[in-house]
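First comes the structure, then the notes that go with it.
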Ligand code: NAD
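In the numbering used here, the protein residues as written are 13 to 320.
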């Protein structure tokens, strides 16, 4: 029988693409429940699903921040969830001083507690049946911090710690956990953030910090998306492989062009190499950033940019 896959956040981006690709699996291994907070946004997904709609793909309402919505959605599914994909998420960028605690808590409510809420709801069934797979769309920012993304990165670190801990217990129940860690992906995600940032004033932030944010970080970030950004289709290819695997990995990065940066933490567990290198790339030699990833991987970075 096909496995039931429930995915959160399918109105756009990675969630939408994943729902469509799984629903079109040539071996028809999946029955996809593609969920979204606001069903008024379902047209794009339905159009992309084509003839799979109503066959291997159904659309359902689900707000990961609401207990009732989660209970309602699960009660509508006949049978149990075999694969849960925690994809819904939101970003938050900007100088810490200018961001409200409400905005920060909203990020944690969505990215972290949203996933926890869904896991709590499907886990009893998975444990009873001694099978299941929980996939979490984390980020390379779940592995290492990125300037001006403090709270977003923290929410992804929280997911990494939570699910790594849970993975140990769940091995006992034949339930697998997979944290997928994309680098930059060209979806609505970045556009939504930039729109937020263009109108935000970040009250209480000193002029130096605002200058670093607007004149150094924002152009560098755009450049990073342009130079190493992946398409949602590329990321989804990696997720589909993880879901189809008989022994799914706990962690899966999707972007080899980003790995020079993630490797910096692996090769120096003190963390200094990563922090100093990214600091240098942004503050001392911003023009190097577009070349930076290539330079880091081939070791040709000028000595003064190399961290000591
Ligand atoms: P996206 O903005 O297109 O998709 C995020 C989806 O989550 C949207 O459809 C949004 O409506 C939904 N969502 C937000 N709050 C929700 C809620 N309370 N309930 C249900 N749905 C909710 O962006 P994306 O790039 O496809 O992001 C998907 C996941 O990938 C996120 O978890 C994001 O953190 C992660 N990610 C994105 C990038 C990137 O650069 N785009 C990189 C690494 C990881």
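Here a beta-carbon is modelled for each residue, glycine too, at the ideal position from N, C-alpha and C.
In this structure, does DSSP put residue 70 in helix, strand or coil? strand
Kindly list the residues whose CB is nearer than 7 Å to the CB of residue 248, restricted to its own chain and excluding five residues on each side of it in sequence; keep chain order. Around residue 248: 26, 29, 30 and 33.
Exposed or buried, what is residue 175 when buried is set at 16 or more other beta-carbons lying within 10 Å of its beta-carbon? So residue 175 ends up on the buried side.
If you reduce the DSSP assignment to three classes, tell me which class residue 20 lands in. coil
For residue 94 and residue 17, the rounded distance between their alpha carbons: 6 Å
Pull up the distance between the alpha-carbon of residue 318 and that of residue 206, whole angstroms please. Legend: pLDDT at residue 318 = 46, less than 50; position of this residue unreliable, no value from coordinates given.
Please name the residue, chosen from 267, 129, 71 and 192, that lies closest to residue 239 on a Cα-to-Cα basis. Closest option to residue 239, judged by alpha-carbon separation, among 267, 129, 71 and 192: 267.
Which residue from 197, 284 and 262 puts its Cα closest to that of residue 177? 262
My guess is that residue 98 and residue 180 are in contact by the Cβ rule of under 8 Å, so how many angstroms apart are they, rounded? Contact flag wrong, Cβ pair sits at about 18 Å.
Thinking C-alpha only, which one of 286, 69, 197 and 88 is nearest residue 237? Of 286, 69, 197 and 88, the residue nearest in Cα terms is 197.
Name the DSSP bridge partner or partners of residue 46? 19 and 71
Quick one: is residue 311 buried, meaning 16 or more other Cβ sit within 10 Å of its Cβ, or exposed? In this prediction, residue 311 scores a pLDDT of 48, lower than 50, which makes its location untrustworthy; the coordinate-derived value is nonetheless stated afterwards. Flag for residue 311 reads exposed.
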